[in-house]
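When we follow the UniProt record's numbering, the leftmost residue of the sequence shown carries the number 1, and every step to the right adds one.
Yeah, the Cβ is synthetic: ideal placement off N, Cα and C, and Gly gets one too.
From a predicted model like this one, the values you see are computed outputs, not experimental measurements.
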Amino acid sequence: MSDSGQSDNSVPSAGVSNLADAREQTERAAKELLDLIKIKGETSRGGVRITECGDGRDPEKHFQTYHPSSFYPESPDQLAGVMERLRTELPALGWKIVEYGPDTSRNKNVNLTADNDAQSFSVNIVHKAKNERPNLSLRVVSGCYQVPEGERVDGY
Numbered sequence: 001m002s003d004s005g006q007s008d009n010s011v012p013s014a015g016v017s018n019l020a021d022a023r024e025q026t027e028r029a030a031k032e033l034l035d036l037i038k039i040k041g042e043t044s045r046g047g048v049r050i051t052e053c054g055d056g057r058d059p060e061k062h063f064q065t066y067h068p069s070s071f072y073p074e075s076p077d078q079l080a081g082v083m084e085r086l087r088t089e090l091p092a093l094g095w096k097i098v099e100y101g102p103d104t105s106r107n108k109n110v111n112l113t114a115d116n117d118a119q120s121f122s123v124n125i126v127h128k129a130k131n132e133r134p135n136l137s138l139r140v141v142s143g144c145y146q147v148p149e150g151e152r153v154d155g156y
């Protein structure tokens, strides 16, 4: 706990927003990240979802958004070097790389996690090179939004 009474692992604030605007911002952030891949392939998008902030804030007044998606290249060898390129390009676009490298799975998937404090988003990108169908798995997550005065979260 910090001196303010907030948990030290609380989700950063994303400001005040209604659900529709927050969904739109999250969709836009996910699209911009997918566009950075710059290779031909197929994208499966899970759409924007709403979840509780999970840090004790009132779930009727606070929420987070997240957007899962997967990118499947036309040819698996097209993914070679994409993670390193993203690691290099994201900081120039306001993203801070907070984690990069293989995970602890048997496949040692390369993981990249980056935060964009100005946009109140984080992204985790996993290169699943050894899957039957190699792909990039992306998950964009917002900070914790508060709904405008007089509104409540109605979208879980």
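- Runs of alpha helix (DSSP H) with 4 or more residues, each lying fully within the region 14 to 82, are found at 19 to 35, listed in chain order.
- Assigned with DSSP and collapsed to three states, GLU84 falls in helix.
- LEU112 is bridged by DSSP to TYR100, ILE125.
- A check of alpha carbon separations from HIS62 across ASN124, GLN119, ALA22, LEU136 identifies ALA22 as the nearest.
- Secondary-structure assignment with DSSP links SER137 through a beta bridge to SER70, VAL126.
- Shown here for VAL16: same chain residues with a beta carbon closer than 8 Å to its own, the five before and five after excluded, namely TYR145, GLN146, VAL147, PRO148 in chain order.
- By the C-beta criterion, the region 127 to 135 is judged not to be in contact with the region 25 to 36, since fewer than 3 inter-stretch pairs fall below 8 Å.
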